[in-house]
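What follows is a single structure, written as structure tokens, with notes after it.
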Amino acid sequence: MTDCVFCKIAEGQIPASTVYEDEDCVAFMDIGQVNPGHVLVAAKRHAQDLYALDDAQAAAVARGVARVARAIRAAFAPEGLSVYQANGAAAGQTVFHYHVHLVPRFANDGMRFTWPVQNPPREVLEEHAARIRAALGL
Ligand SMILES: [Zn+2]
655 MTDCVFCKIA EGQIPASTVY EDEDCVAFMD IGQVNPGHVL VAAKRHAQDL
705 YALDDAQAAA VARGVARVAR AIRAAFAPEG LSVYQANGAA AGQTVFHYHV
755 HLVPRFANDG MRFTWPVQNP PREVLEEHAA RIRAALGL
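Those letters in the sequence shown? Residues 655 to 792, by this note's numbering.
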């Protein structure tokens, strides 16, 4: 799937503000940042959706999600963290590659997100990514 932007990020073909990576998943911030500290955790191997993951890959992605979630909590001290996955065009997706969103929630947030949103400048993304990497001990 050479034209899949998430595969390109996983393969290092596109520069990204990566916060975590292991052999099965990669976590990065180069998405519409709903809130500071918003991270997307994607399976490294191209899988269109949750149904396409085998058990080992699903467990590996869940492990990456949990690790990054703890780091977001340590780095941004949000009141809460929304964890969601949304697949398909009906969910407003434009990239069909399995991923999970981790969105820090703060006290003044409403119940809904506006989507899509703009990313902050690269230097802001990088500063936020560095805070999460530091919380992960990376
Ligand atoms: Zn892909």
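All C-beta atoms in this analysis are idealised placements derived from N, C-alpha and C, irrespective of residue type, glycine included.
Since this is a predicted model, take the numbers as computed values, not measurements.
Note that the C-beta distance between His751 and Cys679 is not below 8 Å.
Apart from the 5 residues on each side of it in sequence, Ile668 sits with its Cβ closer than 6 Å to the Cβ of Lys662 in its chain, given in chain order. Relative to the Cα of Pro690, the nearest Cα in the group Ala696, Phe682 and His753 belongs to Phe682. Around the Cβ of Ala664, a 10 Å sphere holds 16 or more other Cβ atoms; the residue is buried.
In the DSSP assignment, Ser736 forms a beta bridge with Val757.
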